[in-house]
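These notes are about the structure you will find just below.
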Amino acid sequence: MQYLQALQNLVQDYLLLSICVGFFSSFIESFIPMLPLVAIVTANAALFGMVKGFLISWLGSVTGTICLFLLVSKIGENSKLLEKIKNEKIKKAILWVDKKGFKLLFIAYACPFLPACVITIASAITKRDKTTFMSAVLSGKFIMFLVVSYIGQDIYGFITSPIKIIGFCVVVFLAWVLGNKLNKDLEYIEERVHNKENKDEENQNDDYIDIKKEVR
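Counting from 1, one number per residue, gives the positions in the sequence shown under full-length UniProt numbering.
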């Protein structure tokens, strides 16, 4: 607790700089998914308080996500740069996002167990409607960040409260279940597309064989 109090005092001494660091940390995570978003949001809430920490994290992350979406949309699907970063996860997400609407995008951004960066890139490539996308980002991240900020504002009080711990475990479990279900949806869609491609290829081969027979 003494270390936390010392950090809070330091934040108050350099308030503007601290806010910029907190905002930029959430912003850059939208582009670098390896950064621990939950830890960033928790730290902001612990240092700035729930409301201020929540707003810094939420605004930073939302701004970063929208910037990434607009950037990928501007680059275009056929860009050489985009082809280099388009891995299997992004290809799966493209197939998934192309078939889903606001509700599933909302869940994706509200769930900390899903790669939001991948969903954002896929949404831009599939030319997802900007209004639908931004609504899902704003509302989904609002819910997630609010929960994490509530915990982060008083970590010690949270740890010493069995009811809060149980409630948190339930929320984490539900988020994990939703995340796992959406991941399975991605795999199912990928399998269907793969099977369809194989079937089309087989049909083309059969047609080619039939043509050869007719020529003979």
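Beta carbons: idealized from backbone N, C-alpha and C, even for Gly.
In chain order, what residues of the same chain have a beta carbon less than 7 Å from the beta carbon of Tyr150, not counting five sequence neighbours either side? Met50
If you compare alpha carbons, which of Val21, Ile107, Glu29 is closest to Ile143? Ile107
Just to confirm my understanding: we take Thr65, look at its own chain, exclude 5 residues before and 5 after, and list those with CB closer than 6 Å. What are they? Ser30, Thr120, Val137
Can you say whether Ser57 is buried or exposed, counting buried as having 16 or more other CB atoms within 10 angstroms of its CB? buried
Grab the span of the alpha helix (DSSP H) containing residue 222 for me, first residue to last. This structure leaves residue 222 out entirely; the chain is present only between 1 and 216.
Can you give me the C-alpha to C-alpha distance between Ala122 and Asp129, rounded to a whole angstrom? 12 Å
Between the C-alpha atoms of Tyr208 and Ala124, what's the straight-line distance to the nearest angstrom? Low per-residue confidence applies at Tyr208: pLDDT is 48, beneath 50, and the placement is therefore not dependable, though the value from the model is reported in the following sentence. Using only the alpha carbons, I get a separation of about 38 Å.
Distance between Ser73 and Lys127 (C-alpha atoms, nearest Å): 7 Å
For Ser18 and Cys61, believed in contact at Cβ under 8 Å, the rounded distance: Position check: residue 61 holds Ser in this sequence, whereas Cys was assumed. Actually they are not in contact, since the Cβ atoms of Ser61 and Ser18 sit about 17 Å apart, beyond 8 Å.
Rounded C-alpha distance that separates Phe145 from Thr160: 22 Å
Exposed or buried, what is Asn44 when buried is set at 16 or more other beta-carbons lying within 10 Å of its beta-carbon? buried
Of the residues Pro33, Cys67, Phe54, which one's Cα is nearest the Cα of Val41? Phe54
For my contact list, Gly152 and Ala110 are in at a C-beta cut-off of 8 Å; report their separation, rounded to the angstrom. Going by Cβ atoms, the distance from Gly152 to Ala110 rounds to 17 Å, so no, they are not a contact pair.
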